[in-house]
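Structure first, commentary second.
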Amino acid sequence: MSKKPLKIGVLAMQGAFEEHIQILDSMGIETIEVRLKDQLADIDGLIIPGGESTTMGKMLNRYDLLEALREKGNSGFPMFGTCAGMIMMSKKVEDGLPGQPLLELMDITTIRNAFGRQIESFEADLDVSEIGERPFHGVFIRAPIIKCVNGTVDVLARFENNIVAVRQDNLLATSFHPEIAGDSRFHEYFVNIVEKWKEMHGKD
Ligand code: GLN
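Its first residue numbered 15, the sequence shown is counted upward by one per residue in this note's numbering.
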């Protein structure tokens, strides 16, 4: 029996979801824009893009996706959050709006807009040994940082002592936008997590 190919969902409520789809397309990975709860049954992993975490949280509530995504993430389902997506995946946020909805999946505390208004956006080469020796070009756009990590969280990258990439089991998160770096190594790293998870849990 032939195996079903991997299918990765990209949450498409708002924000930079198209760029993730493009990079996965270029890697030959099948993708789907996720907007409805029913679509979650059909995917092997999910990317939560950058955008605006306060808006994304409201929309997830409105489309009844917040609880469904939380359950998925807590069950070991692979998820990759970038920038606002990382904020969504964190258990706690500083400088969020009061009552801002979060998925509360990773044992991390994020600080929104941590680089302040003056340095809204910048780029920096990062050492990320998990994905290879060559530095990864990080594009930071009104980026959060990770103030602290607990539990079984692995720190994958820092920028000037600030934690900017982490992994906890099958959950991956970056402060920066790997989808616009012209370098697919973070997406390959995630696809690898998804493949391993699918081998063990996927229905085929
Ligand atoms: N500052 C945004 C937020 O709080 C994140 C910015 C981004 O995703 N590029 O959600």
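By construction, the Cβ of each residue, glycine as well, lies at the ideal position given by its N, Cα and C atoms.
Rounded distance between the beta-carbons of residue j and residue i, thought under 8 Å
i: LEU74; j: PRO115; result: 6 Å
i: PRO158; j: MET100; result: 6 Å
i: GLU44; j: PRO19; result: 6 Å
i: ASN184; j: TRP211; result: 6 Å
i: ILE145; j: ARG199; result: 4 Å
As assigned by DSSP and simplified to three states, the class of residue i
i: GLN28; result: coil
i: GLY196; result: coil
i: LEU185; result: strand
i: MET21; result: According to the sequence provided, residue 21 is Lys. The question's Met does not apply to it. Residue state, collapsed to three classes: strand.
i: MET15; result: With a pLDDT of 49 at MET15, under the threshold of 50, the modelled position of that residue is not reliable, and no figure is offered here.
i: PHE204; result: helix
i: MET214; result: helix
i: HIS191; result: coil
Query raised in the report: Where in the segment 93 to 180 do unbroken runs of the alpha helix (DSSP H), each at least 4 residues long, occur, reported from the N-terminal end onward?
Result: Here the runs fully enclosed are 98 to 103.
Requested in this report: Just list the beta strand (DSSP E) runs in the segment 44 to 89, keeping only unbroken ones of 3 residues or longer that don't cross its boundaries, in chain order.
Outcome: The segment 44 to 89 contains, as complete beta strand (DSSP E) runs of 3+ residues, the segments 44 to 48, 59 to 62 (chain order).
Query raised in the report: Per the contact definition of three or more C-beta pairs closer than 8 Å, is the segment 116 to 126 in contact with the segment 197 to 209?
Result: Result no; under three Cβ-Cβ pairs closer than 8 Å.
Query - For the ligand GLN, residues whose Cβ lies under 6 Å from any non-hydrogen atom - result: Taking each Cβ in turn, the ones that pass are GLY64, GLY65, GLU66, SER67, CYS97, ALA98, ILE101, ARG126, ASN127, ILE155, ARG156.
Query raised in the report: Do three or more CB pairs link the segment 77 to 84 to the segment 49 to 59 at distances below 8 Å?
Result: Taking 8 Å as the limit for Cβ pairs, the verdict is that the segment 49 to 59 does touch the segment 77 to 84.
Query raised in the report: With contact counted as at least three CB pairs below 8 Å, one residue from each stretch, are the segment 92 to 108 and the segment 58 to 72 in contact?
Result: Touching, yes.
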